[in-house]
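Accompanying notes for the structure given below.
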Amino acid sequence: MWSQGVRYYGEQDVYAFMGRPEEPPRQLRYANLKVRSTATVISHYEHKAKSGKAYPFFRHAAFQGRFRLLGGDWYLEITPTYRFTRNGKDLDRYHEERLSGIKRFERNRSVLSQLLLWQAVLRAPWPRADRARLLEFAPLVSFRFASGVDESSLTAVDAPANLRSGEQEIEE
Numbered sequence: 043m044w045s046q047g048v049r050y051y052g053e054q055d056v057y058a059f060m061g062r063p064e065e066p067p068r069q070l071r072y073a074n075l076k077v078r079s080t081a082t083v084i085s086h087y088e089h090k091a092k093s094g095k096a097y098p099f100f101r102h103a104a105f106q107g108r109f110r111l112l113g114g115d116w117y118l119e120i121t122p123t124y125r126f127t128r129n130g131k132d133l134d135r136y137h138e139e140r141l142s143g144i145k146r147f148e149r150n151r152s153v154l155s156q157l158l159l160w161q162a163v164l165r166a167p168w169p170r171a172d173r174a175r176l177l178e179f180a181p182l183v184s185f186r187f188a189s190g191v192d193e194s195s196l197t198a199v200d201a202p203a204n205l206r207s208g209e210q211e212i213e214e
């Protein structure tokens, strides 16, 4: 995933897009359910203190990944999340607060879009002609329930406690 600008950050146990303050916000195009979509995978923000001093911070699209052996087959469990940094590299001191704030607003559609983005990244063509790809991923596994759940009827007690929630084209 390095060729896609993604690396592993052991301190959070996540894979996240890399970014630098001098670079513009980064967007990727990917196949959403019906149309091609664009997602900002590195966003630039600024917090102004009461003193008027500006403190930049960055939001990086990320995911936690776990391999699961189910029915004799291996699956990658993808849990979308974010990584907040103060300079594109070092974790922001308000990372946890920012993460919990954004997770309160995200719903199924947002998480699904993030899953489809990560599918595009993981399944992107291998850029190295000089060496074989060590691991390949199949498309996401999907299934349908016989009946749905009306999200608007859920209360905070019903919701899980820890929900995870330059332009470049990702070809499939």
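Taking my numbering as reference, the numbering of the sequence shown is continuous, increasing by one, and the terminal residue is 214.
Glycine included, C-beta positions come from ideal geometry on N, C-alpha and C.
The three-state reading of DSSP puts Leu182 in coil, since its state is none of H, G, I, E or B. Each of Met43, Arg49, Trp44 and Phe147 was checked against the Cα of Arg125, and the nearest Cα belongs to Arg49.
In this structure, the beta-carbon distance from Phe105 to Ile120 falls below 9 Å.
In the DSSP assignment, Glu139 falls within the alpha helix (DSSP H) that extends over His137 to Phe147. Secondary structure note for Trp160: its alpha helix (DSSP H) is the uninterrupted segment Asn150 to Leu164.
The criterion of a C-beta distance shorter than 9 Å is satisfied by Phe59 and Arg68.
Secondary-structure assignment with DSSP links Asp115 through a beta bridge to Leu112. The beta carbons of Pro181 and Gly130 sit about 31 Å from each other, so the pair does not count as a contact at 8 Å. In its chain, beyond the 5 residues on either side, Glu88, His89 and Lys90 have a beta carbon closer than 8 Å to the beta carbon of Ala96.
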